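Novice: I have a structure here, written as structure tokens, and I will follow up with some questions on it.
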């Protein structure tokens with residue numbers, strides 16, 4: 196909340212501090228933006244407005260034309276009054292059969308005019324309540340009912356949560372409790388019982404475990420205007436991914452975006468240092484340090500003997516997607532410590548290993564041409580559960596790559612990132628095994644054109660069907676006249 200909490204930091208360095216939650220902070224080469232984030236702030240990705248389904252059935256004019264041709268055939272087939280009734284009945288039956296054969300396959304493609312997409316919340320996350328956004332579109336402009344579904348860790352099926360909603364867009368308010376991976380989906384209904392469309396499934400990892408406390412803190416004045424801070428991060432099983440350093444000329448200050456001077460990416464059980472150059476050499480400066488993990492949790496403060504007040508329960512550091520590689524840091528001072536890993540794509544999930552290997556592949560169409568800007572989700576498979584690692588985009592050749600630790604992985608192409616009128620051909624999920632010292636390539640997805648029923652086929656089927664009906668009725672009529680005579 197916003198209530199002030201006072202903590203005292205001793206330079207020995209004993210740890211007496213307030214522990215609170217933080218925002219997202221992970222290891223990739225990026226520039227850091229300092230921003231104060233609200234407690235339950237959840238990033239909802241935005242995208243293009245969903246469009247109407249393509250090729251939603253065949254033109255009924257052709258069906259009407261077929262009926263007229265059939266009636267014409269009946270008139271030409273027989274003038275015998277005694278057999279006309281039988282021929283009419285048979286012709287009508289034949290016309291209905293041909294109509295069904297030609298028309299229904301095309302309309303089956305448009306059985307559902309409803310499409311719904313769910314948006315990916317931030318993951319991993321350390322808040323137990325967050326929003327899951329969705330967008331739905333019905334080309335028939337009917338009233339849409341949305342139901343929100345969740346699959347919790349250890350559960351085998353999706354369970355509805357929250358009340359039913361109506362409208363083309365909205366948010367499902369999700370609540371989680373146990374740590375682990377949660378799966379979310381929304382389902383759209385035209386009436387209360389019939390499912391018209393189901394969204395894609397998104398995963399959110401809930402992690403409330405805090406990183407270990409920084410140890411071995413020291414501060415050394417190495418010049419009139421320079422202070423060198425040294426510290427060691429905790430051996431906490433991979434929780435720590437960085438530290439935040441705060442500074443003030445007062446012995447009582449607020450640890451917020453105004454006093455945060457440096458965010459340094461560093462892993463667990465590592466020694467780090469930071470040299471700070473101050474502007475006023477005549478003043479005395481005080482420092483505190485705290486560790487931060489991948490989900491935004493952070494440890495207690497360690498540092499000089501000061502009174503620190505916190506007014507936010509979130510960490511301040513926010514990482515943005517890079518355009519060029521670089522060390523993640525805020526302005527001021529010289530960073531001495533670990534560099535982040537370079538990645539082509541979105542922010543990575545936490546992965547710690549001695550050496551990462553390349554995982555790559557292509558997304559191509561039937562002509563062998565690359566699909567540009569297709570998004571490939573990378574999931575590490577750990578004990579049968581998928582852990583989100585990254586999303587990478589293909590280049591102009593349809594090529595994508597990322598670096599991951601050795602292990603088992605599942606890769607999936609986001610269908611909404613494919614060009615309009617195309618679908619995946621073959622397996623939608625491709626597995627890959629990445630071994631130490633060996634890059635893994637050839638994780639390739641094939642895309643084909645979603646044609647439905649080829650419209651050109653109608654130009655062949657309709658005349659052929661009409662000729663068959665006319666000939667059949669003419670033959671039957673001729674036989675009927677012979678019998679009558």
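Residue numbers (my numbering): 196 to 680. Backbone N, C-alpha and C fix where the C-beta goes; we use that ideal spot for every residue, glycine too. Note that the structure is predicted; figures quoted are calculated from it, not measured.
DSSP puts residue 441 in a beta bridge; with which residues?
Specialist: Locating residue 441 in the chain shown gives position 246, counting from the first residue. Answer is 455, 483, bridged to residue 441.
Novice: Suppose only complete runs of 3+ residues qualify. What are the beta strand (DSSP E) ranges in the segment 312-349, listed by chain order?
Specialist: 324-333, 340-346
Novice: Report the three-state DSSP secondary structure of residue 609 (helix, strand or coil).
Specialist: The residue given as residue 609 occupies position 414 in the chain shown. Of the three classes helix, strand and coil, the one that applies to residue 609 here is coil, per DSSP.
Novice: For residue 384 and residue 345, which I take to be in contact (beta-carbon distance under 8 Å), what is that distance rounded to the nearest angstrom?
Specialist: Counting from one through the chain shown, the residue named residue 384 turns up at place 189. Counting from one through the chain shown, the residue named residue 345 turns up at place 150. Wrong, their Cβ atoms sit about 17 Å apart, outside the cutoff.
Novice: My output table needs one value for residue 667: the three-state DSSP class, helix, strand or coil.
Specialist: In the chain shown, the residue the question calls residue 667 occupies position 472. Three-state result, residue 667: helix.
Novice: Thinking just about the alpha-carbon of each residue, which of 309, 359, 398, 392 is nearest to the one in residue 169?
Specialist: Here the chain has residues from 196 to 680 only, and residue 169 is not among them.
Novice: Use the C-beta contact count for residue 505: other C-beta atoms within 10 angstroms, 16 or more gives buried, fewer gives exposed.
Specialist: The sequence position of residue 505 within the chain shown is 310, counting from 1. By the neighbour-count rule (16 or more Cβ atoms within 10 Å), residue 505 is buried.
Novice: Just to confirm, is the Cβ distance from residue 417 to residue 440 under 8 Å?
Specialist: Reading the chain shown from its first residue, position 222 is the one you call residue 417. Reading the chain shown from its first residue, position 245 is the one you call residue 440. No, the Cβ-Cβ distance between residue 417 and residue 440 is not below 8 Å.
Novice: Residues bridged to residue 367 by DSSP?
Specialist: Residue mapping note: residue 367 aligns to position 172 of the chain shown, counting from 1. DSSP output for residue 367 lists 327 as bridge partner(s).
Novice: Quick one: what's residue 418 bridged to in DSSP?
Specialist: The sequence position of residue 418 within the chain shown is 223, counting from 1. Partner(s): 421.
Novice: So, under 8 Å CB-CB, residue 629 and residue 554 are touching, yes? Tell me the CB distance rounded to an integer number of Å.
Specialist: The count along the chain shown starts at 1 and reaches residue 629 at position 434. The count along the chain shown starts at 1 and reaches residue 554 at position 359. Confirmed, about 6 Å.
Novice: Excluding the 5 residues flanking residue 422 on each side, which residues of the same chain have their C-beta closer than 8 Å to its C-beta?
Specialist: As a first step, residue 422 must be located in the chain shown, where it is residue number 227. Same-chain partners within the cutoff: 414, 415, 416, 470, 471, 473, 480, 482.
Novice: Thinking residue 565 and residue 589 are a contact (beta carbons under 8 Å), I'd like their distance in whole angstroms, please.
Specialist: The count along the chain shown starts at 1 and reaches residue 565 at position 370. The count along the chain shown starts at 1 and reaches residue 589 at position 394. So it is a contact: roughly 7 Å between Cβ atoms.
Novice: DSSP state of residue 660, grouped into three classes?
Specialist: Along the chain shown, read from residue 1 onward, the residue named residue 660 stands at position 465. In this structure, residue 660 counts as helix in the three-state DSSP scheme.
Novice: Buried or exposed for residue 580, going by 16 or more other Cβ atoms inside 10 Å?
Specialist: As a first step, residue 580 must be located in the chain shown, where it is residue number 385. Flag for residue 580 reads exposed.
Novice: Apart from the five residues just before and just after residue 466, which ones in its own chain have a Cβ nearer than 6 Å to its Cβ?
Specialist: For this step, residue 466 is matched to residue 271 along the chain shown. Within the same chain, 427 come within 6 Å of residue 466 by CB-CB distance, once the 5 residues on both sides are set aside.
Novice: Whose C-alpha, out of 411, 444, 632, 452, is nearest the C-alpha of residue 476?
Specialist: On the chain shown, residue 476 is found 281 positions in, with the first residue counted as 1. When each option's Cα is compared against that of residue 476, the closest is 444.
Novice: Using 8 Å as the threshold, is the segment 609-625 in touch with the segment 633-645, meaning 3 or more CB pairs across them?
Specialist: yes
Novice: Cα-Cα, which of 603, 351, 363, 320 is closest to residue 336?
Specialist: Counted from its first residue, the chain shown places residue 336 at position 141. It is 363 whose Cα lies nearest to the Cα of residue 336.
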